[in-house]
Amino acid sequence: IVNVYEPADGWSRRNLVAERGHQALEKYRREFPQLYSIKYSTRNLNLTEMLRDVDLVIVHEWNSPALVKAIGQHRKIKGQYCLLFHDTHHRLISAGCEFGRDYLSGYDGILAFGEALREMYNQRGYRLNTFTWHEAADIELFKPLGTPKGSAPKSAAVWIGNWGDEERSSELEEYVFAPVTKLNIKTRIYGVRYPTEVKKRLSLYPFCFGGWSPNYLVPQIFSEHKVTWHVPRRFYREQLPGIPTIRVFEALACGIPLICAPWQDTENLFSVGRDFLIARDRSEMEEYLAAVLTQPEFADQLARSGRSAILKRHTCRHRIKELFSICRRLGVSGDFRSVEKLTSSENSYSEEAA
1 IVNVYEPADG WSRRNLVAER GHQALEKYRR EFPQLYSIKY STRNLNLTEM
51 LRDVDLVIVH EWNSPALVKA IGQHRKIKGQ YCLLFHDTHH RLISAGCEFG
101 RDYLSGYDGI LAFGEALREM YNQRGYRLNT FTWHEAADIE LFKPLGTPKG
151 SAPKSAAVWI GNWGDEERSS ELEEYVFAPV TKLNIKTRIY GVRYPTEVKK
201 RLSLYPFCFG GWSPNYLVPQ IFSEHKVTWH VPRRFYREQL PGIPTIRVFE
251 ALACGIPLIC APWQDTENLF SVGRDFLIAR DRSEMEEYLA AVLTQPEFAD
301 QLARSGRSAI LKRHTCRHRI KELFSICRRL GVSGDFRSVE KLTSSENSYS
351 EEAA
């Protein structure tokens, strides 16, 4: 049994309701009826009751520092469970003041979503077990949808990503906006927090600004376009190199050709040049975009290779298997046989079947 706890006034939930109304939450529940979270308020949080009789607790880094520390203290005083901190962000670098050495007191280990981040925890003196636990794709949701007969032809390109403040504004200009403008490629942009002046520009041809989109519509959006981008934020190119964020996995799983702004696959998670392309500068980005859009066989080969890489190494089932291996190493009690049965069919995946 897995219980998921979510703050009743969480940032994402609060902003979604403010911008889209409660109907957006209802749509989410209809799309994912099997997913359920227990809402809580930090004002009346009973950790003893919440964590009673559990074997494993995973605390995500997006939680408030006060809650992260409180759960660590509970683990030291009352808990017989294994406590792991799951970090999927660059806040250790960008907001390091919150991460003092006693921040994770009481924790048994850290799940870092990239080797560079794991090494950073070790370098900063956290005397904990640290594990690299990458992002992955939910291939039940993120998969090629195909083009129904009689539907409109695919549009050229799509970028799905938030503005990101100043973390990649110049990169978006060099690798997305400028090449699209020069090649006159019809491109749809999805995301939030874009400045007014940028949205004005993206309202003019060849751009079309779509604003926010729920993640469950991403496979449909990808199926309607011929190519997409990955533009890493500066933290993942400089201080934490080699970490692909979740959209890389989701795009490849959907079978859309992917072209990246510069980043280094230091962990060899993929085969660069086969699974996706990396453009070293604006000129190379223009060259790659033109090739993918005018050479269908090349684009199809790229998409198939990327999809195959996900199925072989980067599905949620792979990560479940890795997590339970970590649990064994840390002495977590439990019967893992059902999970082993679940993951034993990994090698049977094929591009046609998945």
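Taking my numbering, the leading residue of the sequence shown gets 1, the next gets one more, and so forth. Quick reminder that beta carbons are idealized off the backbone N, C-alpha and C, glycines included.
Report task. Could you pull out every residue in the same chain whose Cβ sits closer than 8 Å to the Cβ of R234, ignoring the five residues on either side in sequence? Result -> Position 234 of the sequence shown, counting from 1, holds the residue named residue 234. Result list for R234: E167, R168, E171, in chain order.
Query - Neighbourhood of V248 by C-beta distance below 6 Å, restricted to the same chain and skipping five residues each side - result: Residue numbering aside, residue 248 sits at position 248 when the sequence shown is read from its first letter. If the five residues before and after V248 are omitted, its C-beta is found closer than 6 Å to the C-beta atoms of H230, all from its own chain and listed in chain order.
Query raised in the report: With C-beta atoms as the reference, is H86 less than 9 Å away from A157?
Result: Taking the sequence shown and counting its residues from 1, one reaches residue 86 at position 86. Taking the sequence shown and counting its residues from 1, one reaches residue 157 at position 157. No, they are not a contact pair.
Report task. Would you decide whether F270 is buried or exposed? Buried here means 16 or more other CB atoms lie within 10 Å of its CB. Result -> Position 270 of the sequence shown, counted from the first residue, corresponds to residue 270. Result: buried.
Requested in this report: Let me know the secondary structure DSSP gives C316 once reduced to three states.
Outcome: Position 316 of the sequence shown, counting from 1, holds the residue named residue 316. In the structure shown, C316 sits in a helix (DSSP, three-state: H, G or I).
Query raised in the report: What are the boundary residues of the alpha helix (DSSP H) that G72 is part of?
Result: Within the sequence shown, numbered from 1, the residue matching residue 72 stands at position 72. From DSSP, the alpha helix (DSSP H) with G72 extends over 65-77.
Query - Inter-stretch contact (C-beta, 8 Å, three-pair minimum) for the region 183-195 and the region 252-269 - result: The region 183-195 makes no contact with the region 252-269; the number of CB pairs closer than 8 Å stays below 3.
Query raised in the report: Which word fits F99, buried or exposed, when buried means at least 16 other C-beta atoms lie within 10 angstroms of its C-beta?
Result: Walking along the sequence shown from the start, residue 99 turns up at place 99. Buried, since its Cβ has 16 or more Cβ neighbours within 10 Å.
Requested in this report: Would you kindly report the start and end of the unbroken beta strand (DSSP E) that includes A157?
Outcome: Numbered from 1 along the sequence shown, position 157 holds the residue referred to as residue 157. Taken as a continuous stretch (DSSP letters only), the beta strand (DSSP E) holding A157 covers 155-160.
Query raised in the report: Can you tell me whether G125 is buried or exposed, with buried defined as 16 or more other CB within 10 angstroms of its CB?
Result: Counted from its first residue, the sequence shown places residue 125 at position 125. G125 should be labelled exposed.
Query - Residues of its chain near E31, where Cβ-Cβ distance is below 7 Å and the 5 sequence neighbours each way are ignored - result: The count along the sequence shown starts at 1 and reaches residue 31 at position 31. Around E31: Y216.
Report task. Spell out a yes or no on whether the region 129-140 and the region 205-212 are touching, meaning 3 or more CB-CB pairs, one atom from each, closer than 8 Å. Result -> Pairwise C-beta distances place the region 129-140 out of contact with the region 205-212, as fewer than three of them are shorter than 8 Å.
Report task. Between the Cα of I310 and those of T294, I256, I278, spot the shortest distance and give me the residue it belongs to. Result -> As a working note, residue 310 is residue 310 in the sequence shown. Closest option to I310, judged by alpha-carbon separation, among T294, I256, I278: I256.
Query - Nearest-angstrom beta carbon gap, I160 and V218 [assumed within contact, 8 Å] - result: Within the sequence shown, the letter at position 218 stands for residue 218. Within the sequence shown, the letter at position 160 stands for residue 160. Approximately 6 Å separates the beta-carbon atoms of V218 and I160; this is inside 8 Å, confirming the contact.
Query raised in the report: I think G79 touches L111, with their Cβ atoms under 8 Å apart; what is that distance to the nearest whole Å?
Result: In the sequence shown, counting from the first residue as 1, residue 79 sits at position 79. In the sequence shown, counting from the first residue as 1, residue 111 sits at position 111. Distance from G79 to L111 at the Cβ level is roughly 18 Å; contact not present, criterion being Cβ atoms closer than 8 Å.
Requested in this report: Please say whether L293 and D275 have beta carbons closer to each other than 9 Å?
Outcome: As a first step, residue 275 is located in the sequence shown; it is residue number 275 there, counting from the start. As a first step, residue 293 is located in the sequence shown; it is residue number 293 there, counting from the start. Between D275 and L293, the C-beta gap is not smaller than 9 Å, which leaves the two residues out of contact.
Query - Top-ranked residue by Cα proximity to I71, from Y107, F207, T130, G191 - result: Start at 1 with the first residue of the sequence shown, and residue 71 comes out as number 71. Answer by Cα proximity: Y107.
Query raised in the report: With a Cβ-Cβ cutoff of 9 Å, do G109 and I320 count as a contact?
Result: Residue numbering aside, residue 109 sits at position 109 when the sequence shown is read from its first letter. Residue numbering aside, residue 320 sits at position 320 when the sequence shown is read from its first letter. Not a contact, by the Cβ cut-off of 9 Å.
**Report entry** 8 Å contact criterion, which C82 and L56 should meet: CB distance rounded
**Finding:** The residue labelled residue 82 in the question sits at position 82 within the sequence shown. The residue labelled residue 56 in the question sits at position 56 within the sequence shown. 5 Å between Cβ atoms; contact.
Query raised in the report: Should W11 go down as buried or exposed, given a rule of 16 or more other Cβ atoms within 10 Å for buried?
Result: Along the sequence shown, one-based indexing puts residue 11 at 11. W11 comes out exposed.
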